[in-house]
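To keep things clear, I will list the structure first and then write my remarks on it.
In this note's numbering, the protein residues as written are 236 to 536.
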């Protein structure tokens, strides 16, 4: 096969990155699963209760990175946090960071884009989570939380018996297998799409419409990303191929953040516990923050 052909480039991208990503994912998910076993929802709520501004938001965003919560658990977590006395802004910092930054995102970014861009994404994600949470907290929007949330009692103080380390290892093994079972099709499909982009899409095609010279590239990337519900596993291989084709890093990061943190399913789920004005404020703050981050990194990189 001619190494200079489009097919050869696409296949090389697909085979190499598939093997590399799955090996790294297996190791990292297992380690993070052990760490996660020490952070139950109840313990997390206790750690975040009644923390001061910035400290609480930073701690919440940091815990969101290593805790196993996704958009499907947003409602019970939101209720539990509010009932336990966690400030509204701190709660949102956690809910933003948790789906945006996780071990799968870190592994994929590191393997495909290197540690510098990985560190950049983590730092940016934490900044967005903390900033958005602080703004929401200062706006004092508790009146736009559904009334029933404050009346629910979720069993605060009931902490499960701590498992042994052997039990944690077994649970981590099962969790690793379960996660890989659930995400492998999305990773393979995403890498295949990335391979096609890498091998067949001309470099000047994407640069023409979404390159650094297009002032509307960042907001357009955010608008496109919001309805495209996906987790990090499904979007990062595509992001890698887009960057390899010359797209500005800030534009690509803005797209990825919009896909992972502003998905329509999560907005629908959150609507069950917050009123439309608060949901609109949340979406607006997140969108504006992500766009600013995109422009900032396009300017400095």
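For glycine and all other residues, C-beta sits at the position ideal for the given N, C-alpha and C.
| query | Using the C-alpha atoms, what's the distance from residue 410 back to residue 255? | reply | Spanning the two alpha carbons is a distance of roughly 20 Å.
| message | Classify residue 472: buried if its beta carbon has 16 or more other beta carbons within 10 angstroms, exposed otherwise. | response | buried
| Per-residue burial, residue 258 [other beta carbons within 10 Å of its own, 16 or more giving buried] | exposed
| query | Under a three-way DSSP split, which group does residue 321 fall into? | reply | Here residue 321 sits in coil by DSSP.
| Which residue comes first and which comes last in the alpha helix (DSSP H) that contains residue 379? | Counting along the chain, residue 379 falls outside any alpha helix (DSSP H), and DSSP gives it neither H nor E.
| message | Would you say residue 455 lies against chain C (beta-carbon separation less than 8 Å)? | response | Protein chains in the displayed structure number just one, and chain C is not present.
| field | Own chain partners of residue 272 with C-beta closer than 8 Å, once the 5 adjacent residues on each side are dropped | value | 398, 403, 406 and 407
| field | Span separating the alpha-carbon of residue 527 from that of residue 282 | value | 31 Å
| If you compare alpha carbons, which of 245, 261 and 268 is closest to residue 401? | 268
| said: Looking at the secondary structure, which residues open and close the alpha helix (DSSP H) in which residue 367 lies? | reply: 350 to 373
| request: For residue 432, count neighbouring C-beta atoms within 10 Å of its own C-beta (all shown protein chains included) and say buried if the count is 16 or more, exposed if not. | output: buried
| message | For residue 261 and residue 419, what's the separation of their Cα atoms in angstroms? | response | 11 Å
| query | Taking three-plus beta-carbon pairs below 8 Å as touching, is the segment 474 to 485 in contact with the segment 517 to 527? | reply | Between the segment 474 to 485 and the segment 517 to 527 there are fewer than three inter-stretch CB-CB distances shorter than 8 Å, so the stretches are not counted as touching.
| task | Decide yes or no for the touch test of the segment 500 to 517 against the segment 354 to 366: beta carbon pairs closer than 8 Å, at least 3 of them. | result | Under the Cβ criterion (8 Å, minimum of three pairs), the segment 500 to 517 does not count as touching the segment 354 to 366.
| task | Look at the alpha carbon of residue 300 and the alpha carbon of residue 449, and state the distance between them as a whole number of angstroms. | result | 33 Å
| message | Can you tell me which residues form a DSSP beta bridge with residue 509? | response | 380
| request: Rounded to whole angstroms, what's the CA-CA distance from residue 372 to residue 502? Just pull it up for me. | output: 19 Å
| request: Work out the CA separation of residue 517 and residue 458 for me, nearest whole Å. | output: 15 Å
| field | Distance between residue 427 and residue 193 (C-alpha atoms, nearest Å) | value | As shown, the chain starts at 236 and ends at 536. That puts residue 193 outside it, with no answer to give.
| task | Provide the residue span of the alpha helix (DSSP H) that contains residue 336, from first to last. | result | Unbroken run through residue 336: none, as it is neither H nor E.
| field | Backbone CA spacing between residue 430 and residue 240 [nearest angstrom] | value | The straight-line gap from Cα to Cα measures roughly 13 Å.
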